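**Q**
Residue numbers (the numbering used here): 5 to 58.
(1) Considering only their Cβ atoms, is the gap separating residue 38 from residue 54 smaller than 7 Å?
(2) Whose CA, out of 43, 46, 45 and 35, lies closest to the CA of residue 56?
(3) Tell me the rounded alpha-carbon separation between residue 42 and residue 22.
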């Protein structure tokens, strides 16, 4: 095997071996605060309020 193929095989093997340990965590554990730096009533405020409801 040439050097590039060997390196690719090592990288793939490392990714496969570490994948089971990458489990998702319960995020977020507390409410997220959303700050909007524009006055209320504008399009940015309305977009932020719609996003905050989710």
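We put the beta carbon where it would ideally sit given N, CA and C, even for glycine.
This structure is a prediction, so every number in the text was calculated from the model and none was measured.
**A** Reading off the structure:
(1) Locating residue 54 in the chain shown gives position 50, counting from the first residue. Locating residue 38 in the chain shown gives position 34, counting from the first residue. The answer is no: Cβ separation not under 7 Å.
(2) Your numbering for residue 56 matches position 52 in the chain shown. Residue 35 is the option with its Cα nearest to residue 56.
(3) As a working mapping, residue 42 is identified with position 38 in the chain shown. As a working mapping, residue 22 is identified with position 18 in the chain shown. Each residue's Cα considered, the two are about 44 Å apart.
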